[in-house]
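Single-structure report; data block below.
Residue numbers (our numbering): 3 to 1165.
Okay, here's the thing in structure tokens:
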């Protein structure tokens, strides 16, 4: 016998032979357990039972060996020791131990006792073996019962558990309605949340993520008719105290409604037991589930009356069951039948009457006309890719952070792919069968995980049958828009998100910042040990002055910044909603549902704390938003990929010292250094002021460089992460209807560098004219032939073809022709695309992923000219056909030069100084932004900046010259666009008078989007306490008075923005209907080179259709009805407003049909 085995046996023998009640028993037993008993084992209970039996067997062997020794030659010594042990006093005895008698006779007596003890141990062992066999059988039965779903809950409250067991065992005939009545009246045995949650922030975030996942799992189980599975998982989670703390009332309500729809009253009562056991009180949804179940089971009126009475005692109104609870029609009927049993005269409140389910706008009639043929674009992605992409995006949003993983690259549109599309119909049957088989296997695997009590993907795969799911993945149905198809599937409406009040958000952020400042510390000297060095805060609080205001600033400690610089961490973390999606976005179906899978996204982006836009959208009839919803969905459905060749070149420059001339920001080490010399004692005030200005300039440049460098770092890091990936950019819109990608750091709305990094993931053959459009696009990017015809631009591209190919082959070592372009990086990407096309043998078959742009010619002025039917203005902005493009910026510069000559002849000095310096570039930004509401002050700043860029212009005349030029630019525009200025004046004065009545300006775009201007008087909010009192301004609440000046200046540009967004959305919808890939940057439209002619035709047709509507008269009619109706019209201010609104500016004689034939309208 080994030493270890003997040690265990000897210790067990000593414990077994110790007299009962020995005073030393507890101490010795504790020592024993300290050695052996407290060893935790990870073995299963069955294995632990076996080990325990093995220990008894070892003890029995030891007993037998000791008995044989007692009968051996040295038995006297052993007997003497055993007798000494036997003479210890019994429990409670105060007598001293008696001496033992030496000899053999006690040994013989002891031997008899050993025999009896051995017999007893054998009987115990036999009993233990029988018990072990029974346990093994029970374990096998339990494993067999694992396939059965648990129904009866395990309650932590002894009172509730006893009540449930007593009722189940002793009163089986008692109706379940009595138990529900008792549960509704019974107060929770504890309040949920009394126990402390996890203190660690990561643990708390992880807990919240688990809660979201569990709730989504339960809701999906109910939708997929897997209520028993949802109940089983809820019972498993509830029965574990640690996991029960993470359960929420919506989780219980989700299962309650599942059982209610099935009419399973017993299971519903079980959930109510768990709800009470979890420390919750029933809310409106809980009572709705109980009444719904009663209505389906046709319960008697007394039970329903007791439920309604208890609901009223809880402060819940009966009417709210039909206004605040989202139920299907069938459930509403069952709920109403239950209520009317108790209250026969009850009538639910009538919902507001909805208009027709089809949008009736004349602008959208062709989009929703089912009789007209449509060829929507398809995205043929393999099942594995779709499944992997959706699961990966789901995991990203569940984790709230981005994880990098390799996925298969989308195939290029080669000849083989095109041929495969033709044979798709024949392969569809086989694909569907294979998909169904894979889905069945996946369901089986996920179902096993769910039966173990863990949320899985099983209910999501049960929402549709295998055939329906396969058909959806293969996009069998292509005759409807994505929103229509999604609604036809019966997808659930996303819950309405209730934003926190802005003061609460600020106060919470302030408190967290204070905790951060007070808690986060580091050793002052990192070389010393933490205990031997004073700790310093990583962040410290200081005050600074901005103008006349004193503000608090949190700054990182220089030691911490040095530590960060030394660590040189290369990892970056982004929120899930800040990066492009790895799967196609959800279709927008309402103001609450669309874009990301889980991350909440607003349909209309707004300032923090602003709720007026959301209220307008919710009050708008759903069909009125269909045009905007479908346009946003279409823009988000465009798949993108990274241009790897351009990215490599940018990274090469970025990791060196940057190249500001090409838009690659330089690192901070290249920032200008302030003068290091100290001021002499006798320095003049002018010298001191000059040094201060130089210091301020260096600091400003350094901050700008840091900002640009950080922005580029974010963009390039995301581009590197998404290399070889296909991704999507979900879209939403601002309060004017202008669309924007939701991910802020990496999208196609950025600079020239950002746009050059993106190309379409799905390519198209160039066709017969695609290469020509690539060449024209390249010349447009260079900016060299803006006033030349398309034929001249195409000829110029052929002339410089050697430079184009050299740029593509040797971008950094060749002649570098591309670097002289206005948009160098996009020009380089286009050079590479042209090089691939011309070297492809047949350029028409080259599959191009490159986006070609068509840009509006001062689009704001185009809308103004069309609104006013201004013939002169229309000709200036290319609404009229012409052989050469008209450049409004050059026209304004020419008119300003005429005014300058006249003033110079009269002896005006500033006019004489400006001779030779008035150019298109100097006036372009001001002309472009005047239409969007720029003031003379803002225009002067723009011109001042352009003049300072001219190295040979006398800088001492910059201020005076900028004042002179902005005045002449406004005079030129007044002369060239008289109709435009009249409409601007009417819009501005109308807004001023509306604001003076105490209301913010509202209107509805031609596509039905409700708009309200968020300009109100600032409301100061003060939050006291902490490291400093905090005051901030809130101007987004409609309860505050409108800001008259901002309402006036903002209405003209905002109204024009709403028109250009309507034009873009109409173009997007019609291009999508024709099967085109289409995206936009406001008034710059993108598509494949082969599809540019089709897009140009659609763009012009929709502009004409838009402005064929009586836009200004419709606006006047809406404003009169909104602000001048009712008793308010008797007021003087309202009367003035009414007169202004009715005086709609007269229009000219321009014929809109000419736009359809204008080559340079968008070019």
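From the three backbone atoms N, C-alpha and C, an ideal C-beta is built for every residue, glycine too.
Quick caveat, the model's predicted, so the values are computed rather than measured.
Query	Result
Kindly list the residues whose CB is nearer than 6 Å to the CB of residue 306, restricted to its own chain and excluding five residues on each side of it in sequence; keep chain order.	296, 340, 343, 344
Which residues bound the alpha helix (DSSP H) around residue 940?	938-950
Assuming residue 236 and residue 253 make a contact with CB atoms under 8 Å, what is their CB distance in whole Å?	7 Å
Enumerate, from N- to C-terminal direction, the unbroken beta strand (DSSP E) stretches of 3 or more residues contained entirely within the region 609-672.	641-644
Give the DSSP-derived three-state secondary structure of residue 138 in the structure shown.	helix
Between residue 1172 and the rest of its own chain, which residues show a CB-CB distance below 6 Å, the 5 nearest in sequence each way excluded?	Because the chain in this structure spans residues 3 to 1165, residue 1172 falls outside the shown range and cannot be described.
Taking DSSP as the reference, what is the three-state secondary structure of residue 734?	strand
From the DSSP output, in three-state form, read off residue 1135 for me.	helix
Taking one C-beta from the region 868-877 and one from the region 964-982 each time, how about it: are there three or more such pairs within less than 8 Å?	yes
Rounded to the nearest angstrom, what separates residue 299 and residue 597 at their Cα positions?	40 Å
Leaving out five residues before and five after residue 1126 in sequence, what residues of the same chain have Cβ atoms less than 8 Å from its Cβ?	1136, 1139, 1140, 1143
Give the secondary structure of residue 844 by DSSP, where H, G and I count as helix, E and B as strand, and everything else as coil.	coil
Run through DSSP, which three-state label would residue 724 get?	coil
Hey, which unbroken runs of the beta strand (DSSP E) at 3 residues or more fall wholly within the region 819-893?	853-857
For residue 792, which residues of its own chain have a beta-carbon under 8 Å away from its beta-carbon, when the five flanking residues on both sides are left out?	778, 1161, 1165
Kindly give me the distance between the Cβ atoms of residue 740 and residue 1063, rounded to whole angstroms, as I take these residues to be in contact under 8 Å.	5 Å
By Cβ distance below 7 Å, which residues in the same chain neighbour residue 174 in space, the five residues on each side in sequence not counted?	The predicted model places residue 174 with a pLDDT of 49, which falls under 50 and marks its position as unreliable; any figure quoted below should be read in that light. Same-chain partners within the cutoff: there are none.
Less than 8 Å between the C-beta atoms of residue 1003 and residue 1011, yes or no?	no
For residue 525, which residues does DSSP report across the bridge?	537
Please identify the residue among 617, 718, 639, 128 whose C-alpha is closest to the C-alpha of residue 650.	718
Measure the beta-carbon distance from residue 1124 to residue 1050 and round it to whole angstroms, keeping in mind my assumption that it falls under 8 Å.	Not a contact, Cβ separation roughly 17 Å.
Could you tell me whether the region 834-852 touches the region 723-741, where touching means 3 or more Cβ pairs closer than 8 Å?	no
Thinking just about the alpha-carbon of each residue, which of 620, 545, 824, 810 is nearest to the one in residue 755?	824
Cutting at 6 Å between CB atoms, please list the residues of its own chain near residue 216, excluding the five before and the five after it.	457
Can you grab the Cα-Cα spacing for the pair residue 337 / residue 389, in whole Å?	39 Å
Tell me which residues share the same chain as residue 864 and place their Cβ nearer than 7 Å to its Cβ, disregarding the 5 neighbours each side in the sequence.	858, 879, 881
What runs of the beta strand (DSSP E), each 3 residues or longer, lie entirely inside the region 996-1036?	1004-1006, 1012-1014, 1021-1025, 1032-1036
Is DSSP giving residue 330 helix, strand or coil here?	coil
Under the rule that 16 or more other beta-carbon atoms within 10 Å means buried, what is residue 827, buried or exposed?	buried
Since residue 558 and residue 544 are thought to touch, with beta carbons under 8 Å apart, how far apart are those beta carbons, to the nearest angstrom?	Incorrect: roughly 11 Å between the Cβ atoms, too far for contact.
The beta strand (DSSP E) with residue 1048 in it runs from where to where?	Premise fails: residue 1048 lies in the alpha helix (DSSP H), 1046-1075, not in any beta strand (DSSP E).
Which same chain residues, not among the five before or five after residue 914, have their C-beta less than 8 Å away from its C-beta?	906
Leaving out five residues on either side along the sequence, give the residues of the same chain with a beta carbon under 8 Å from the beta carbon of residue 1055.	862, 933, 934, 935
So if DSSP puts residue 597 in a beta bridge, which residue, or which two residues, is it bridged to?	588
Thinking C-alpha only, which one of 293, 316, 899 is nearest residue 282?	316
Nearest by alpha-carbon distance to residue 165: which of 115, 278, 257, 259 is it?	278
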